[in-house]
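Some notes on the structure that comes next.
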Amino acid sequence: MSRYTVEVKSATKTDPEATIGYDRPLRTFFLQAFPDPETDEYAFGLGAFLEEHPTLESITAAARAKGYEVSRAK
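With this note's numbering, the residue at position 29 of the sequence shown is 34, and numbering never jumps.
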């Protein structure tokens, strides 16, 4: 599983240390942002199912459709 740090923004909040990556067994890209400090659960996540987001473009488009923008971490 490969992972990279990205920035995820919504209209009201920003996570400068979100994670994007590729899960080979599921053959999907995944995105995780806004972790809860007490539970380590993510408030926003995509890519948990088999072949859900086979391309980087598809996962960023799905995030955008939900009101989030993904960019390189600063």
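Ideal placement from N, C-alpha and C gives every residue a C-beta, glycine not left out.
{"Asked": "For GLU74, the three-state DSSP class (helix, strand or coil)", "Found": "strand"}
{"Asked": "Reduced DSSP secondary structure (H/G/I, E/B, other) of THR65", "Found": "helix"}
{"Asked": "Assigned secondary structure, ALA23 (DSSP; H/G/I helix, E/B strand, else coil)", "Found": "strand"}
{"Asked": "Close-in-space but distant-in-sequence residues of the same chain around ARG32 (CB under 7 Å, 5 per side omitted)", "Found": "LEU55, GLU56, PRO59"}
{"Asked": "Alpha-carbon to alpha-carbon, MET6 and TYR73", "Found": "23 Å"}
{"Asked": "Counted within 10 angstroms of its Cβ, other Cβ atoms place ASP20 as buried (16 or more) or exposed", "Found": "buried"}
{"Asked": "Simplified DSSP assignment, three categories, for THR10", "Found": "strand"}
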